[in-house]
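Numbering (our numbering), first residue to last: 22 to 192. Just so it is clear, CB atoms sit at the ideal spot from N, CA and C, and this is done for glycine as well. First the structure, in the form of structure tokens, and then the observations on it.
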């Protein structure tokens, strides 16, 4: 009898987890595709910038150390735009950014990373890259890491990077 109850509980838990996973995947895929649009969200305000709008901002080349699960630390040259500049372009000024505690960045694959808003406001700390070694990052569907990848250049081992960025939310 105890085994049947335990089995029933396990089956129910697996069912609930599967349902929530399905709903989350459906919700993520309906938000934005990997075409390069990013939603910038502050409370109820939601501004979407296109790939062209973002890349037309003052982009710069910078170096960061890429460290993946399949390779050791490798210095790379990227091209991108400061996350702060993108927030400003979306109508979110520095004073508004500073009034929040964290910035949550979400990738198309569901990966989420949080940074302090103080890091966003610092000079050349957090970039949204769109090129690596002079070539576009490519989309998730094509085996790339973009069109945008959030890079925290101060992180020595790339532990707070986020590929396939689709959403930036102030909380």
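Could you check if residue i is buried or exposed, using at least 16 other CB atoms within 10 Å of its CB as the buried criterion?
i	result
residue 17	It is not possible to answer for residue 17, since the shown part of the chain is limited to 22 through 192.
In terms of residue numbering, what span does the alpha helix (DSSP H) encompassing residue i cover?
i	result
residue 91	That residue, residue 91, is in no alpha helix (DSSP H); it is neither H nor E in DSSP.
residue 119	115-119
residue 138	138-142
First and last residue of the beta strand (DSSP E) that includes residue i?
i	result
residue 148	147-153
residue 193	Within the shown structure, residues of the chain are numbered from 22 to 192, placing residue 193 beyond reach of any answer.
residue 188	186-191
residue 158	It is not in any beta strand (DSSP E) - residue 158 carries neither H nor E in the DSSP assignment.
Please report the distance separating the alpha-carbon of residue i from that of residue j.
i	j	result
residue 135	residue 86	20 Å
residue 156	residue 69	24 Å
residue 150	residue 34	40 Å
residue 66	residue 188	13 Å
residue 168	residue 38	30 Å
My output table needs one value for residue i: the three-state DSSP class, helix, strand or coil.
i	result
residue 35	helix
residue 98	strand
residue 167	strand
**OP:** Starting from the N-terminal side, write out each stretch of the beta strand (DSSP E) that is 3 residues or longer and does not extend beyond the region 52-84.
**Re:** Listed in chain order, the complete beta strand (DSSP E) runs (minimum 3 residues) inside the region 52-84 are 59-63 and 66-70.
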